[in-house]
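Remarks on the structure that follows.
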Amino acid sequence: MKKRLDKDRCLWLDLLDSSVEDQFLRNPSNLYAIVKALPEEIPYVVIDEIQKVPKLLDEVHRLIEDIEKIFILTGSSARKLKHGGANLLAGRAFVYHLYALSCFELKEQFDLEKAMHWGTLPKIFSFEEDSEKNAFLRAYADTYLKEEIWNEQVIRKLNSFRRFLEVAAQSNGKIISYANIARDVGVDDKTIKEYFVILEDTMIGFFLEPFHHSFRKRLVEKPKFYFFDPGVVRSLSRRLSVPLTPKTAAYGEVFEHFILLEFLRLGSYFQPDYRFSFIRTAGDVEVDLVIERPGKQLLCIEIKSSDTINESDISSFKKITKDIENCEAIVLSQDRFMEKIRSRDLLSLEARLSRVFPRSQDPRFLVPQS
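Numbering (my numbering), first residue to last: 222 to 591.
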């Protein structure tokens, strides 16, 4: 954003600066006076980490009604705003979610193996050495605990939450067992449920709910939980030093995680009405990702990390998708060849999801270059 906005036409207020935060905590109405005094040549007002001073939203509301300025409000956590009764500017603001970088944004910089190992947080690409990337991801987890959890007084016992983070990271992408996690962490089920909500509110992860349709009685009803970035989850689970070896279960899990993240963030950017879920029957037959597309067929996706796919690899997937009415079924893998396996499209990773999100190939969808 700093690269896109002309600094001479923008007032930038960073609430991570303790002096700026303190000023507005003591007197939020100062914002009104500051912005009111801006010349016409400065049309943009950016407030970074708005959740630190929720009362500023009332002042922004007043300013929107009184003057013609463009406000850009950013934040890394919705929890304080949602639970503190803050003015969320309903009907007066557009809401956009920003994620770690997509393969389309990275373009020639994209490397699947590195993205799986280190994730795609923008800062990670500023480091040359693996030791620097390792240190950054470990510091990211510590900063999250300090700034988003402890300093905001979200929880009372930091050590329990720290243990929970590691156990939850080890369970990434699996159906949640609150009882098992509670036993490993040493707290009750209710506390674990609250912890997961904290992760969601602070945008460190999200629930993937089970799909509901005509055969709902056969489905497992519990959700999965995914962290927002492979590098972060590998750091939290203490696996950054463990290499990812193709054709292993661990490699397959990280590959599936990364591809699923690509679908969800591209869906948020280009198709916000799409709904994402998964299917697992009582017999443990699974569809990795289900996309409900208004006005189109249901899309069922099997994600395979292998570079060679044969019919036996997708037999269970074929069986379950036959029972789903008006369904398009595809397999996304690392197989470099496009082919048909009995009416089930086999897509290579090189297709880069463009079949589902053709707008993602728009040349404007790029990382700004310095």
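By construction, the Cβ of each residue, glycine as well, lies at the ideal position given by its N, Cα and C atoms.
query	result
Can you give the Cα-Cα distance for Y490 and F484, rounded to whole angstroms?	10 angstroms
Is the beta carbon of L461 closer than 8 angstroms to that of L358?	yes
When the Cβ atoms of the segment 377-384 are set against those of the segment 443-452, are three or more pairs found closer than 8 angstroms?	no
Would you mind stating whether E477 and I402 have Cβ atoms separated by less than 8 angstroms?	no
Tell me, please, which residues DSSP counts as bridged to G515.	The sequence as given places Pro at residue 515; Gly does not occur at that position. Answer is none; P515 lacks a bridge partner.
Is the segment 423-435 touching the segment 500-515, taking contact as three or more C-beta pairs under 8 angstroms?	yes
Give the secondary structure of I480 by DSSP, where H, G and I count as helix, E and B as strand, and everything else as coil.	helix
Take the Cβ of E334 as the centre, count every other Cβ of all protein chains shown within 10 Å, and call the residue buried at 16 or more, exposed below.	exposed
By Cβ distance below 7 angstroms, which residues in the same chain neighbour L342 in space, the five residues on each side in sequence not counted?	A321, D450, G452
With distances taken between CB atoms, is the gap from L234 to I268 smaller than 8 angstroms?	yes
Compute the beta-carbon to beta-carbon distance between S527 and Q555, rounded to the nearest angstrom, for a pair I have assumed lies under 8 angstroms.	7 angstroms
Give every residue of the same chain whose Cβ lies closer than 6 angstroms to the Cβ of F292, excluding the five residues on either side of it in the sequence, and list them in chain order.	V266, V281
Grab the span of the beta strand (DSSP E) containing F428 for me, first residue to last.	426-429
So what does DSSP say about R496, is it helix, strand or coil?	strand
For I288 and I263, what's the separation of their Cα atoms in angstroms?	12 angstroms
So is R486 buried or exposed if we call it buried at 16+ other beta carbons inside 10 Å?	buried
So what does R501 bridge to, in DSSP terms?	E507
Between the alpha carbons of F315 and D243, how many angstroms are there, rounded?	27 angstroms
Drop a sphere of 10 angstroms on the beta-carbon of K228, count the other beta-carbons inside from all chains shown, and report buried for 16 or more, exposed for fewer.	exposed
Can you tell me whether E349 is helix, strand or coil according to DSSP?	coil
Looking only at its own chain, which residues have a Cβ that is under 7 angstroms from the Cβ of I425, when we skip the five neighbours before and after it?	Y365, F448, F449
Using only alpha-carbon positions, find the residue among E349, C231, C521, H338 that is nearest to N547.	C521
Can you tell me whether N393 is buried or exposed? The criterion is at least 16 other CB atoms within 10 Å of its CB, across all chains shown.	buried
State the Cα-Cα distance for the pair R459 and D351, rounded to the nearest angstrom.	15 angstroms
Candidates V274, E549, V256: which alpha carbon is nearest R514's?	E549
Rounding to the nearest angstrom, what Cα-Cα distance links P628 and R247 in this structure?	Since the displayed the chain opens at 222 and closes at 591, residue 628 lies outside it and no answer follows.
Please list, in chain order, all residues of the same chain as L237 whose beta carbon is under 6 angstroms from its beta carbon, the five residues on each side excluded.	E270
Pop quiz: S298 and D494 are said to be a contact at Cβ under 8 angstroms. What is the actual Cβ separation, rounded to whole angstroms?	Not really, about 25 angstroms apart at Cβ, beyond 8 angstroms.
For a quick check, are the C-beta atoms of S456 and Y361 less than 8 angstroms apart?	yes
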